[in-house]
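Below is one structure; the comments refer to it alone.
Residue numbers (our numbering): 1 to 436.
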């Protein structure tokens with residue numbers, strides 16, 4: 001976890017080395033040791049469970065060096081697109097430690113996973129028909145079926161995946177659905193895994209545990225129906241909600257394990273191999289975004305700091321501020337924390353729409369031109385997957401290492417050159433629409 005002292009040390013190094021400043025007005029930072037510590041905490045929480053694959057959700061931070069760090073720390077990975085699959089392979093994950101999830105897999109994606117030996121969770125019964133047609137006779141891929149236990153929503157509807165009308169999985173409470181699932185397993189002896197995902201952010205642990213306990217009951221029912229132990233593993237999708245209000249990590253992975261054990265003790269007794277798919281909870285508190293304050297102005301009597309961190313790096317915060325608030329601190333141009341009296345002010349981004357504001361009337365030390373703002377707890381989903389509105393170049397991302405009392409920054413993703421942005425936008429086809 002990045003505490004204030006680490007943040008200031010990283011900022012001092014970044015401004016000194018020029019990775020943050022006029023030429024590069026926004027950047028992301030990842031605490032390398034913090035990531036390793038989070039992975040260790042996850043493994044420790046499940047240490048008493050005999051067979052678990054902890055698969056990092058690649059969508060939470062699709063950066064190859066970060067994925068390589070996680071692989072080195074003992075993680076597997078969960079992918080949900082051809083691009084994520086390629087990133088995971090490039091980072092060194094082996095197919096047997098990968099799981100493919102997606103509600104809309106193409107035949108090409110399914111074929112590739114089955115050829116490589118990547119585990120695959122079919123989203124629906126029609127997808128199982130595709131697997132029937134594409135699966136090689138001696139495929140090494142573990143095949144599962146995603147089900148929706150329909151246990152309800154948390155406080156963020158868009159992040160709740162086990163609602164009555166969720167687009168994910170086979171809805172178990174729909175008429176006839178449970179019987180169709182039982183028959184699907186009976187007809188396919190190679191179908192050996194069940195998968196469910198209730199959600200993470202905004203979902204209380206008892207709700208998550210209720211859904212996963214239902215998954216365990218279904219596995220028991222299937223094995224009884226087919227007359228043998230066919231389902232041998234359970235994929236416990238989803239993750240933990242992250243506390244964005246302060247530096248405290250809560251809930252912890254140990255809290256999660258305790259609530260699961262209370263809901264269904266047999267879930268963790270080793271009868272079933274387990275897969276987890278944590279993402280945000282491993283990285284959020286191990287990263288931050290820093291940006292230069294370009295201008296300060298007032299409008300209608302309200303003070304506004306215009307910065308280079310807006311919806312392009314904090315999309316969810318801008319569009320759903322109540323659900324995704326971020327902590328912000330103000331720093332002098334050299335990275336030192338500002339401690340002058342706080343005044344209410346907006347912290348706005350650089351994009352050309354009025355709603356591009358990451359904090360409204362936030363009490364902060366009075367910000368000035370060339371100051372820095374830090375968006376805390378953004379190690380997952382923020383700077384790693386920027387939005388391309390206004391064609392802003394993707395920001396650089398840097399690993400923060402602490403060696404012999406010194407802070408060292410290492411490149412994770414270089415700042416995007418504008419020439420590359422032009423090429424991505426069809427620069428080499430500039431004349432294509434002009435005709436002969």
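Ideal placement from N, C-alpha and C gives every residue a C-beta, glycine not left out.
Among residues of its own chain, excluding the 5 on either side of residue i, which ones have a beta-carbon nearer than 6 Å to its beta-carbon?
{"i": "residue 135", "result": "114"}
{"i": "residue 4", "result": "none"}
Rounded to a whole number of angstroms, what is the C-alpha to C-alpha distance between residue i and residue j?
{"i": "residue 223", "j": "residue 240", "result": "29 Å"}
{"i": "residue 188", "j": "residue 252", "result": "38 Å"}
{"i": "residue 178", "j": "residue 408", "result": "55 Å"}
{"i": "residue 65", "j": "residue 375", "result": "22 Å"}
{"i": "residue 294", "j": "residue 323", "result": "27 Å"}
{"i": "residue 299", "j": "residue 346", "result": "10 Å"}
{"i": "residue 43", "j": "residue 169", "result": "28 Å"}
{"i": "residue 370", "j": "residue 378", "result": "22 Å"}
{"i": "residue 360", "j": "residue 16", "result": "30 Å"}
{"i": "residue 174", "j": "residue 182", "result": "14 Å"}
{"i": "residue 152", "j": "residue 313", "result": "30 Å"}
{"i": "residue 190", "j": "residue 386", "result": "39 Å"}
{"i": "residue 268", "j": "residue 145", "result": "20 Å"}
{"i": "residue 201", "j": "residue 430", "result": "43 Å"}
{"i": "residue 127", "j": "residue 158", "result": "24 Å"}
{"i": "residue 74", "j": "residue 81", "result": "22 Å"}
{"i": "residue 85", "j": "residue 79", "result": "6 Å"}
{"i": "residue 96", "j": "residue 116", "result": "9 Å"}
{"i": "residue 139", "j": "residue 122", "result": "15 Å"}
{"i": "residue 101", "j": "residue 107", "result": "14 Å"}
{"i": "residue 315", "j": "residue 244", "result": "16 Å"}
Look at residue i and residue j and say whether their C-beta atoms are less than 9 Å apart.
{"i": "residue 234", "j": "residue 207", "result": "no"}
{"i": "residue 28", "j": "residue 427", "result": "no"}
{"i": "residue 337", "j": "residue 8", "result": "yes"}
{"i": "residue 69", "j": "residue 88", "result": "no"}
{"i": "residue 103", "j": "residue 59", "result": "no"}
{"i": "residue 343", "j": "residue 32", "result": "no"}
{"i": "residue 63", "j": "residue 274", "result": "no"}
{"i": "residue 271", "j": "residue 380", "result": "no"}
{"i": "residue 197", "j": "residue 264", "result": "no"}
{"i": "residue 77", "j": "residue 99", "result": "yes"}
{"i": "residue 398", "j": "residue 289", "result": "no"}
{"i": "residue 172", "j": "residue 256", "result": "no"}
{"i": "residue 435", "j": "residue 414", "result": "no"}
Tell me which same chain residues have a C-beta within less than 8 Å of the C-beta of residue i, skipping the five on either side of it?
{"i": "residue 356", "result": "310, 311, 318, 348, 349, 350"}
{"i": "residue 341", "result": "365, 366"}
{"i": "residue 302", "result": "344, 345, 346, 361"}
{"i": "residue 214", "result": "149, 151, 172, 196"}
{"i": "residue 230", "result": "185, 189, 191, 192, 222, 223"}
{"i": "residue 368", "result": "293, 296"}
{"i": "residue 328", "result": "347, 358, 359, 362, 364, 373, 374, 375, 376"}
Using 8 Å for Cβ pairs, my map puts residue i next to residue j. What's the rounded Cβ distance?
{"i": "residue 110", "j": "residue 125", "result": "Wrong, their Cβ atoms sit about 14 Å apart, outside the cutoff."}
{"i": "residue 161", "j": "residue 199", "result": "5 Å"}
{"i": "residue 30", "j": "residue 412", "result": "6 Å"}
{"i": "residue 285", "j": "residue 242", "result": "7 Å"}
{"i": "residue 21", "j": "residue 296", "result": "Between residue 296 and residue 21 the Cβ distance is about 18 Å, and since that is not below 8 Å, they are no contact."}
{"i": "residue 12", "j": "residue 334", "result": "6 Å"}
{"i": "residue 149", "j": "residue 211", "result": "4 Å"}
{"i": "residue 218", "j": "residue 147", "result": "6 Å"}
{"i": "residue 421", "j": "residue 393", "result": "5 Å"}
{"i": "residue 254", "j": "residue 45", "result": "5 Å"}
{"i": "residue 25", "j": "residue 308", "result": "4 Å"}
{"i": "residue 57", "j": "residue 277", "result": "5 Å"}
{"i": "residue 282", "j": "residue 39", "result": "7 Å"}
{"i": "residue 260", "j": "residue 305", "result": "Residue 260 to residue 305, Cβ: 43 Å. No contact."}
{"i": "residue 61", "j": "residue 384", "result": "4 Å"}
Secondary structure at residue i, three-state DSSP: helix, strand or coil?
{"i": "residue 75", "result": "coil"}
{"i": "residue 143", "result": "strand"}
{"i": "residue 322", "result": "coil"}
{"i": "residue 51", "result": "coil"}
{"i": "residue 250", "result": "coil"}
{"i": "residue 13", "result": "helix"}
{"i": "residue 264", "result": "coil"}
{"i": "residue 138", "result": "coil"}
{"i": "residue 394", "result": "coil"}
{"i": "residue 148", "result": "strand"}
{"i": "residue 24", "result": "coil"}
{"i": "residue 371", "result": "coil"}
{"i": "residue 84", "result": "helix"}
{"i": "residue 62", "result": "coil"}
By Cβ distance, which residues of its chain are closer than 7 Å to residue i, with the 5 residues on each side in sequence left out?
{"i": "residue 71", "result": "91, 92, 93"}
{"i": "residue 226", "result": "185, 186"}
{"i": "residue 142", "result": "119, 192, 193, 233"}
{"i": "residue 266", "result": "216"}
{"i": "residue 352", "result": "390"}
{"i": "residue 156", "result": "201, 202, 323"}
{"i": "residue 164", "result": "150"}
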